[in-house]
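The block underneath contains the structure these notes are about, expressed in structure tokens.
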């Protein structure tokens with residue numbers, strides 16, 4: 011029973027992505043190796059260990075305006091939901 | 004005679020690379036195209052020293068050598084091909100101070116190619132304001148290069164940059180960052196298989212699906228036991244390459260780069276709060292759009308009227324000055340009005356590009372893309388489609404070209420496909436005269452003019468059709484592309500006047516020359532078709548008209564006689580014969596053969612409509628009032644009722660709103676999509692739809 015809960019919580023933790031962040035929230039990127047993440051995004055600094063901040067969200071929560079690695083950029087929610095992060099607070 | 008070297012400017016978008024280029028070359032610059040594709044090629048010349056000049060090539064902006072677009076491919080293609088005539092003796096990587104980290108990614112890649120590479124750090128004037136300090140000697144040591152701190156805005160640091168260019172042969176060409184560590188075994192194997200070739204160049208060949216000059220892709224086909232990597236493995240290695248490069252950069256910057264964040268000031272946060280706001284953001288965008296429309300349709304009319312008059316005068320002058328004859332007529336009735344038809348659009352095009360280039364220079368355009376993306380996507384478009392759709396209200400040609408920066412091929416294709424529906428400036432004269440004819444000059448609620456409402460409705464119909472077509476295309480197009488939408492949100496900057504001015508001049512010139520060639524040749528063809536005919540009728544026009552007059556016992560003044568003859572000639576010219584043979588197709592829409600001819604000639608360019616009608620109704624002038632009076636009195640030869648009624652007027656308006664009547668747009672669509680399929684589809688579908696709606700409207704209103 012306890013193990014079950016543990017697995018549940020753990021899997022939930024793993025699946026936090028940029029798309030789950032709230033406006034103004036900061037997080038550290040954990041994994042950005044998913045196949046559908048464009049290489050361009052990695053080159054702009056979307057790499058594990060870098061900090062990401064969600065600055066603004068367009069109406070209907072898409073796209074998302076981020077600051078990663080001192081670069082300001084906007085990506086669509088579907089891409090954001092592929093980038094796993096660990097929330098800082 | 005001094006020596007000339009090739010210098011290539013490379014850099015990320017939004018680093019002010021073009022400002023640096025403008026500063027170096029000024030008005031010596033030339034804008035052309037790379038052969039076979041429509042990517043702009045900008046080059047110029049600058050004096051480096053008394054005996055040395057540099058040919059400067061401004062390469063398209065790119066974030067890395069892992070190209071994902073046509074523009075970016077140009078950069079690799081040139082840098083990989085030693086035999087290319089533009090192959091640089093030295094590369095200047097233009098970076099900006101605030102995004103140094105990711106600019107250095109590109110720098111380390113280019114350094115790996117073994118070309119002497121200088122780092123120019125632009126916007127150095129902002130360092131103090133941003134609290135940034137750099138250890139330049141240490142950076143030069145680690146990056147194995149020379150660094151120039153410059154500011155294109157304040158025009159500082161260029162002497163130092165030129166000094167480094169002058170001494171380019173002393174720069175070390177060894178790489179500063181060892182990428183083969185990402186998969187040592189593989190890279191060693193690669194080197195063994197192709198001794199004498201550069202490892203990084205081989206790697207770039209493997210990761211790109213293209214040939215680069217003398218380094219043929221077939222040379223890296225797996226052989227001698229070189230393991231072949233799958234697409235996923237290559238992607239993973241590219242990922243590792245980026246990580247490895249950033250590790251090197253971060254370590255270096257830790258010791259060389261200091262920023263006191265307490266000193267950093269900027270207006271980004273405050274401005275973004277308003278400009279990307281769910282309410283204020285849209286409001287600001289709406290106001291800016293209104294301002295652009297106002298500029299294009301109101302302010303531009305002043306110079307346009309002068310141009311119109313000047314060409315009418317020039318035409319008259321040619322007629323009066325040169326001896327009467329074939330050549331004079333061709334000049335006065337074909338060439339001069341043909342050129343006039345192009346030149347008249349210069350104020351609108353220039354005004355539009357002035358606004359667009361200011362919006363882009365300031366960084367505002369990215370915010371619009373951000374705000375609009377979601378709603379546009381419902382129609383298969385991208386946030387980046389806003390720019391082409393807005394540009395389309397001036398002219399579809401630059402608008403189709405503006406679709407280039409949409410990464411997703413399907414979204415780009417749909418954008419190109421629907422742009423010609425937006426009400427371009429060439430439709431305006433047609434709308435104005437038809438609305439004036441068929442919509443009563445009365446006021447709704449006492450102050451809103453019905454005619455103005457009708458004009459507005461035409462704009463709404465245009466945008467509505469564009470979005471509806473996009474929606475349908477999105478549902479029916481089976482193009483499997485991944486959505487890869489990444490847009491940089493650059494810092495807000497005041498536009499640099501020189502950049503804006505040069506953009507306006509370049510784009511306007513491109514329009515005049517590009518579209519001009521087509522409009523001019525079509526107008527000459529039209530003139531020929533309208534000025535010649537079979538000799539028995541056309542050749543004996545004067546005798547035939549006189550005989551006709553005599554038999555009906557009419558007496559006409561000389562001037563009316565001339566008009567009658569001109570009208571008779573047109574009816575029996577080749578164009579008249581064509582028009583009358585096609586009349587059955589136009590009758591169900593409420594048009595006679597004369598409107599038919601105006602319609603057909605409009606396929607060259609819509610604005611020809613008014614001029615053609617003017618000739619057909621032998622008014623002999625382009626003055627709209629007289630054409631209008633003449634048109635109002637015109638009777639349909641078949642029914643005897645007035646030709647322009649509400650029914651035929653609305654039918655004509657709808658036809659012009661939907662039909663693809665612009666050769667230049669078709670030509671540009673062919674160029675941009677690299678296939679005849681899309682322009683032909685546009686021509687057939689749009690014109691078919693136009694015919695159908697015009698037919699239905701006429702038949703319903705005529706009940």
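Residue numbers (this note's numbering), protein chains in the order written: chain Z, 11 to 99; chain G, 4 to 706. Glycine included, each C-beta is placed from N, C-alpha and C at the ideal position. As the structure is a prediction and not an experimental result, all values here were calculated from the model.
If you reduce the DSSP assignment to three classes, tell me which class residue i lands in.
i                      : result
residue 11 of chain Z  : Unreliable placement is indicated for residue 11 of chain Z, whose pLDDT of 47 sits below 50; no coordinate value is reported for it.
residue 87 of chain G  : coil
residue 12 of chain G  : strand
residue 591 of chain G : helix
residue 438 of chain G : helix
residue 280 of chain G : coil
residue 83 of chain Z  : strand
residue 527 of chain G : helix
residue 319 of chain G : helix
residue 68 of chain Z  : coil
residue 217 of chain G : Model confidence at residue 217 of chain G stands at a pLDDT of 46, short of 50, so the residue's coordinates are unreliable; what they give is reported in the following sentence. Residue 217 of chain G: coil per DSSP, three-state reduction.
residue 645 of chain G : strand
residue 58 of chain G  : strand
residue 534 of chain G : helix
residue 542 of chain G : helix
residue 694 of chain G : helix
residue 393 of chain G : helix
residue 663 of chain G : coil
residue 584 of chain G : helix
residue 382 of chain G : coil
Under 8 angstroms between C-beta atoms, does residue i make it to chain Z?
i                      : result
residue 340 of chain G : no
residue 105 of chain G : yes
residue 10 of chain G  : no
residue 351 of chain G : no
residue 238 of chain G : yes
residue 69 of chain G  : yes
residue 634 of chain G : no
residue 502 of chain G : no
residue 371 of chain G : no
residue 377 of chain G : yes
residue 235 of chain G : yes
residue 367 of chain G : no
residue 66 of chain G  : yes
residue 207 of chain G : no
Are the C-beta of residue i and some C-beta of chain G separated by less than 8 angstroms?
i                     : result
residue 55 of chain Z : yes
residue 84 of chain Z : yes
residue 68 of chain Z : yes
residue 27 of chain Z : no
Would the beta-carbon of residue i be found less than 7 angstroms away from any heavy atom of the ligand MG?
i                      : result
residue 692 of chain G : The ligand MG is absent from the structure shown, which contains no ligands of any kind.
Could you say which of the options lies nearest to residue i if we only look at CA atoms?
i                      : options                    : result
residue 132 of chain G : G:118, G:101, G:110        : G:101
residue 252 of chain G : G:185, G:180, G:289        : G:180
residue 19 of chain G  : G:70, G:55, G:157, G:258   : G:157
residue 128 of chain G : G:141, G:143, G:151, G:159 : G:159
residue 711 of chain G : G:515, G:607, G:68, G:677  : Because residue 711 of chain G is not part of the residues shown, which for chain G are 4 to 706, the question remains open.
residue 87 of chain Z  : Z:97, Z:50, Z:76           : Z:76
residue 276 of chain G : Z:29, Z:66, Z:58, Z:78     : Z:66
residue 478 of chain G : G:435, G:660, G:384        : G:384
residue 398 of chain G : G:350, G:339, G:435        : G:350
residue 665 of chain G : G:683, G:676, G:654, G:678 : G:683
residue 510 of chain G : G:261, G:466, G:352        : G:352
residue 704 of chain G : G:317, G:33, G:647         : G:647
residue 241 of chain G : G:512, G:208, G:260        : G:208
residue 149 of chain G : G:120, G:200, G:134, G:348 : G:120
residue 341 of chain G : G:27, G:499, G:605, G:634  : G:605
residue 440 of chain G : G:450, G:454, G:610        : G:454
I'd like the ranges of any beta strand (DSSP E) spanning at least 3 consecutive residues and lying wholly in the stretch 103 to 165 of chain G. 120 to 125, 135 to 137, 150 to 152
What runs of the alpha helix (DSSP H), each 4 residues or longer, lie entirely inside the stretch 324 to 350 of chain G? 329 to 332, 339 to 346
Where the stretch 274 to 307 of chain G meets chain Z: residues whose CB sits under 7 angstroms from a CB there: 275, 279, 281
Along the stretch 30 to 64 of chain Z, what residues have a CB closer than 7 angstroms to any CB found in chain G? 43, 45, 46, 48, 49, 50, 51, 52, 53, 54, 55, 57
My parser needs the alpha helix (DSSP H) runs of 4 or more residues fully inside the stretch 399 to 423 of chain G; what are they? 399 to 405, 412 to 421
Selection of the stretch 242 to 255 of chain G by Cβ proximity to chain Z, strictly under 7 angstroms: 242, 245, 246, 249
Residue ranges of each alpha helix (DSSP H) run of no fewer than 4 residues wholly in the stretch 170 to 218 of chain G, ordered along the chain? 187 to 196, 202 to 210
Taking Cβ-Cβ distances below 9 angstroms as the criterion, which residues of the stretch 460 to 492 of chain G are in contact with chain Z? 485, 486, 487, 488, 489, 490, 491, 492
Listed in chain order, which residues of the stretch 93 to 121 of chain G have Cβ atoms closer than 9 angstroms to some Cβ of chain Z? 101, 102, 103, 104, 105, 108, 109
Which complete alpha helix (DSSP H) runs does the stretch 238 to 297 of chain G hold, if anything under 4 residues is left out? 271 to 278, 283 to 297
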